[in-house]
Structures are given as structure tokens and as C-alpha cells.
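Note that our numbering has the sequence shown beginning at 45, numbered continuously upward. A quick write-up on the structure given underneath.
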Amino acid sequence: MEKLNIQRLSQTLNYLESKQRELERQMQNDTRSIDSMIRYIKRDMLNEFQLSDFDASIKHQLKNTENFILIVQNIIEENTEA
């Protein structure tokens, strides 16, 4: 993965993590809009950065944001070292 794409992926991941934290803080309130945004961000990341080329299991983690984040962090780390 190109260095620029790794930087963009890292920034997008940071944004996704912030939305996940926001969702967790607002458990008592209506979180449908945040939840929808998180689903959109994950799908967009998957397609834009072709993440399934780096880890085939990532498609199965779209419903589990925490695992999705961990996989993306691993992809970033692996491609930063290369």
C-alpha cells in the first residue's frame, strides 16, 4: 500500500474510532445516526482502500466495529513497516 494511502487510512481509522467512542458514550440516547455513520465509514474504508486484499477476514468483521478497528490497525502497522 502506498504511503499516502496508509496515511489516509490511518486518518479515517482515527475518525471511525472517535465515532465508536461517541456511540459508546451515548448508549442511553438515540444512536441510530451515529451507528449508521459508523456502518458507512467501515464500508467506505473497505472499498476505498481495498482492505479485503490485505486481510480476507475483514468482511466478516463489518458488524463488529472493535474487531474491524483492530484488523485495520494491523494492516496499517504491517504496511508501515514494509
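Where is the CB? At the ideal position from N, CA and C, for every residue including glycine.
Where residue i sits in the DSSP three-state scheme
i, result
"M45", "coil"
"D99", "coil"
"Q105", "helix"
"F112", "helix"
"E117", "Reading off the sequence, residue 117 comes out as Gln, not Glu. Looking at Q117 - three-state DSSP - the assignment turns out to be helix."
Distance between residue j and residue i (C-alpha atoms, nearest Å)
i, j, result
"E46", "I82", "25 Å"
"R76", "L114", "23 Å"
"R69", "F93", "29 Å"
"V116", "Y84", "15 Å"
"D74", "L106", "21 Å"
"E61", "E125", "22 Å"
"M89", "A100", "14 Å"
"Q51", "S80", "24 Å"
For residue i, the nearest candidate out of the options (CA to CA)
i, options, result
"D97", "K107, I119, I113, I78", "I119"
"R87", "E121, M71, L57", "L57"
Checklist entry - Hey, which unbroken runs of the beta strand (DSSP E) at 3 residues or more fall wholly within the stretch 52-86? => result Runs of beta strand (DSSP E) with 3 or more residues, each lying fully within the stretch 52-86, are absent.
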